[in-house]
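One structure is given here, and the rest of the page talks about it.
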């Protein structure tokens with residue numbers, strides 16, 4: 001579900017990186033189990049209604065999980081993670097972590113005041129330090145399936161802001 005895109009031209013509305021942190025297939029399969037449970041509840045009333053309601057409940061649960069999942073993107077000089085956003089000029093040192101380093105970063109190494117968007121089932125993590133001295137948040141910790149691409153997109157956006165336009 002990642003859409004890393006090359007940036008051609010000066011259109012700041014086009015994202016240079018976009019990823020939806022959708023649930024894994026196991027989570028979607030578990031949500032689909034709501035269908036037979038809803039059907040069993042309504043089976044004593046009418047089997048046709050039970051089947052229709054069961055399918056509707058299962059489909060609604062899966063669709064809700066997909067569309068409610070947050071989006072991480074780098075667009076127009078900003079890092080957007082879910083509803084939060086921060087200009088790339090106010091962040092520094094994007095680090096892509098995976099494996100044991102990512103487990104520590106989202107566990108015992110997580111600063112209590114850090115802003116985080118962590119999703120289960122997604123191993124990769126990107127940690128960016130907040131450079132604004134007035135911001136009480138020392139860093140952002142963001143889940144990503146491709147943390148190296150997200151960190152590179154942040155670095156590109158920072159370079160693009162510092163480079164004079166011709």
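In UniProt numbering, the protein residues as written are 1 to 166.
A virtual CB, placed ideally from N, CA and C, is assigned to each residue, including glycine.
Note that the coordinates shown come from a computational prediction; the quantities given were computed from them, not determined experimentally.
The residue among 136, 145, 138 and 61 with its C-alpha nearest the C-alpha of residue 123 is 145. In this structure, 154 is the residue among 160, 158, 154 and 165 with its C-alpha nearest to the C-alpha of residue 73. For residue 100, the enclosing alpha helix (DSSP H) covers residues 99 to 105.
DSSP, read as helix, strand or coil, puts residue 84 in strand. When secondary structure is reduced to three states using DSSP, residue 129 falls in the strand class. Beyond the five residues adjoining it in sequence on each side, residue 57 comes within less than 7 Å, by CB distance, of 34, 35 and 38 in the same chain, given in chain order.
Residue 52 sits in a helix when the DSSP states are folded into three classes.
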